[in-house]
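Scroll down for the structure; my scribbles are underneath it.
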Amino acid sequence: MSLTHKAATSLVRRTTQLPALRQSAAVVQRRHKADSNFDASTSHAVFESPFHRGQSGQQDTTVIPSFKKYRGGSEAGNKMFSYFMVGAFGGLTALGAKDTVASFLVNMSASADVLAQAKVEVDLATIPEGKNVIIKWRGKPVFIRHRTADEIQEAEATDWQKLRDPQPDSARVQKPEWLIMVGVCTHLGCVPIGESGDFGGWFCPCHGSHYDISGRARKGPAPLNLEIPAYDFPDETNLVIG
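This is the structure in structure tokens:
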């Protein structure tokens, strides 16, 4: 077969297939057009730009848009969700605060060493009769008085029921010869001076309070007697305060 005959045969075949090709192209175009229309309509139905369109039809992005139509749920539902979040956050905060306070209290608990330092032991054999000794206990002065027989008699003979802070001498001592008191004036916290004042006991120079030989307020602005701390006599010659 000659070259001219082959070319003619190919041309005839292409001419014969041309209508079918045109028909296929038309179908593809129709499908593409349908898909384009569907996508456009679908995208328009699913999302609409929140930006306002001006007279030119262009979106104006200089104005803050409103997204109210895109909010999910009703107003009541939104409030319920807000309440839930606030409650959950508050619960977690309270739980964390509880753990923090518990840890703080554990760390602040007094150890055995601290409790041991809260006690003071005194050798009473070193304090002669008729003398005062001042020691420090828990950051405060403590008066220890070894009273004489005359001082004991005077303290017991006082009509205590007429005092501003009525208290018998027997309620302020465990042993009559030993008077142990916190040396802080009950008026404004000054430290009284021993063996002075109008009643032979203690005198506060700050505002003129007088205490007798039992440490009871007798004159001046002090409203109460001198405080008696917790103490004990483990034996005849030792005193433990605290």
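For my numbering, count along the sequence shown from 1 and bump the result up by 4. Even glycine gets a Cβ: it sits at the ideal position worked out from N, Cα and C. None of these values were measured; they are calculated from a predicted model.
Item	Value
Buried/exposed call for Leu243, threshold 16 Cβ in 10 Å	buried
Minimum C-alpha distance to Leu192 - residue among Phe85, Pro209, Ser200, Gly198	Pro209
Contact check, Gly224 vs Asp216, beta carbons under 8 Å	no
Burial state of Asp163, where buried means 16 or more other Cβ atoms lie within 10 Å	exposed
The alpha helix (DSSP H) enclosing Glu160, as first and last residue numbers	153-161
Beta-carbon gap between Met185 and Gly212 smaller than 8 Å	no
CB of Arg168 within 8 Å of CB of Pro227, strictly	yes
Neighbour-count burial assignment, Ala101, 16 or more Cβ in a 10 Å radius	exposed
Cβ shell of Ile197 (< 8 Å), same chain only, five flanking positions each side left out	Trp206, Phe207, Cys208, Pro209
Separation of Met84 from Asp103, as counted between CA atoms	29 Å
Counted within 10 angstroms of its Cβ, other Cβ atoms place Leu96 as buried (16 or more) or exposed	exposed
Pick from Val124, Ala92, Arg222, Thr130 that is closest to Pro233, judged by C-alpha positions	Val124
With 16 other Cβ atoms within 10 Å as the buried cut-off, status of Phe88	exposed
Rounded separation between Pro231 and Ala98 - CA only	Note that residue 231 corresponds to Glu in the displayed sequence, not to Pro. Roughly 41 Å separates the two Cα atoms.
Euclidean distance between Cα positions of Thr130 and Arg222	30 Å
Exposure of Phe93, with buried meaning 16 or more beta-carbon neighbours within 10 Å	exposed
Nonlocal neighbours in the same chain, by C-beta distance under 6 Å from His214, ignoring five residues either side	Gly201, Asp202, Phe203, Phe207, Arg222, Lys223, Gly224
Among Asn229, Gln62, Tyr235, nearest to Trp170 - alpha-carbon criterion	According to the sequence as given, residue 170 is Pro; it is not Trp. When only C-alpha atoms are compared, the closest one is Asn229.
Residue range of the unbroken beta strand (DSSP E) whose run includes Lys223	221-223
6 Å CB neighbourhood of Trp141 in its chain, flanking five on each side removed	Val124, Ile245
Alpha-carbon to alpha-carbon, Val105 and Pro172	45 Å
Proximity of Ala181 and His150 at Cβ, strictly below 8 Å	Note that residue 181 is Glu in the sequence shown here, rather than Ala. Their beta carbons are under 8 Å apart, which means Glu181 touches His150 by this criterion.
Assigned secondary structure, Val90 (DSSP; H/G/I helix, E/B strand, else coil)	helix
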